[in-house]
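Trainee: Have a look at this one before I ask anything.
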Amino acid sequence: MQTFTEADDPALLTVQTAAALLADAPWRRFAVVGDSIAQGIGDSTPGYRDAGWADRVADALRRVRPELAYLNTGRKGATSAEVLAEQLGAALAFEPDLVHIVCGGNDLFVPEPDLPATHANLDALFAAFAGRGTRISTFTLTDVWDREQMRAMRGMRERMSALNDVIRAVAARYDAVLLELWPHPIRLRPDLMSADLIHFSMGGQAALASAVVQRLAQELEAVPR
């Protein structure tokens, strides 16, 4: 298996390329709310710095907006209801002009998930920011279930796919920037998953950050000049 580092990983944007893609970014206050995916935890990967995807995106935005303020309230294990109850107030008080929302996965680790309740919680989160004119971004979860080491957890694939449908519906309702990760090439990275088979490794976090920057750049390109 070929081994890369941050210096030569073909899935990663260079610092210069990321800055060029975000050169027209208007955002000065970036918030991230959600669960451990928002938090960006994961195992270290040799050759990659220990930094979650959101921290990396904030770094990229700071290269074009040095004054950027950044808040990440993500918490490991948080359900969508807990994000709504415990993180929304602080995030709104921060007054972001760009917010990334990612949660709902922890709602699925129960015998009978209540997807309508998850949908309602996500809708409330998106609505709160949309009502203030905040640009919202999000992403779907990644299809990693064909990996041999995921065999014991393959029963989660259908649940994750259903959650992605909820994420897509809410994103469409509030015109959010949506990064489709379910079929994304990131799913093929051999170093993608941490040992817990839930969180991305730092190599995966780095690749995810580049994918988010590219998606935000696409959104910027679509804005009339």
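Residue numbers (numbering that gives the first Met the number 0): 0 to 224. Here a beta-carbon is modelled for each residue, glycine too, at the ideal position from N, C-alpha and C. Note that the structure is a prediction, hence the values are computed from the model and not measured.
Does L12 come out as helix, strand or coil in the three-state DSSP assignment?
Mentor: Correct three-state label for L12: coil.
Trainee: Please name the residue, chosen from L196, A19 and F125, that lies closest to L83 on a Cα-to-Cα basis.
Mentor: F125
Trainee: Based on Cα-Cα distance, which residue from Q204, T139, V222 and A77 lies nearest to V230?
Mentor: Residue 230 cannot be examined here, being either before or after the span of the chain that is shown, 0 to 224.
Trainee: Which partner residues of I135 appear in the DSSP bridge assignment?
Mentor: Beta-bridge pairing links I135 to V98.
Trainee: Taking a contact to mean a Cβ-Cβ separation below 8 Å, would you say A59 touches A18 in this structure?
Mentor: Yes, the pair counts as a contact, with Cβ atoms nearer than the cut-off.
Trainee: Do G33 and H198 count as a contact pair if the criterion is CB distance below 8 Å?
Mentor: no
Trainee: L191 by DSSP, collapsed to three states: which one?
Mentor: coil
Trainee: In the structure shown, what three-state DSSP assignment does V32 receive?
Mentor: Note: V32 maps to strand in three-state DSSP.
Trainee: Can L257 and V222 be called in contact, C-beta distance under 8 Å?
Mentor: In the structure as shown, the chain begins at 0 and stops at 224. Residue 257 is therefore absent and cannot be evaluated.
Trainee: One question on the structure: do L177 and G104 come within less than 8 Å of each other, judged by their Cβ atoms?
Mentor: no
Trainee: Quick check: what's the CA-CA separation for R188 versus A171?
Mentor: 28 Å
Trainee: From the DSSP output, read off the bridge partner residues of L177.
Mentor: Answer is T137, bridged to L177.
Trainee: Measure the C-alpha to C-alpha separation of A68 and D7 and round it to an integer number of angstroms.
Mentor: Roughly 30 Å between the two C-alpha positions.
Trainee: Considering only the beta carbon of each residue, do R55 and A24 sit closer than 8 Å?
Mentor: no
Trainee: Whose C-alpha, out of G154, A205 and P184, is nearest the C-alpha of S43?
Mentor: A205
Trainee: Just the C-alpha distance for A129 and S35, rounded to the nearest angstrom, thanks.
Mentor: 23 Å
Trainee: Curious, which full-length beta strand (DSSP E) runs of at least 3 residues does the stretch 41 to 67 contain?
Mentor: none
Trainee: Only counting the same chain, and skipping five residues up and downstream in sequence, which positions put a Cβ closer than 8 Å to that of F93?
Mentor: R28, A30, A68 and L70
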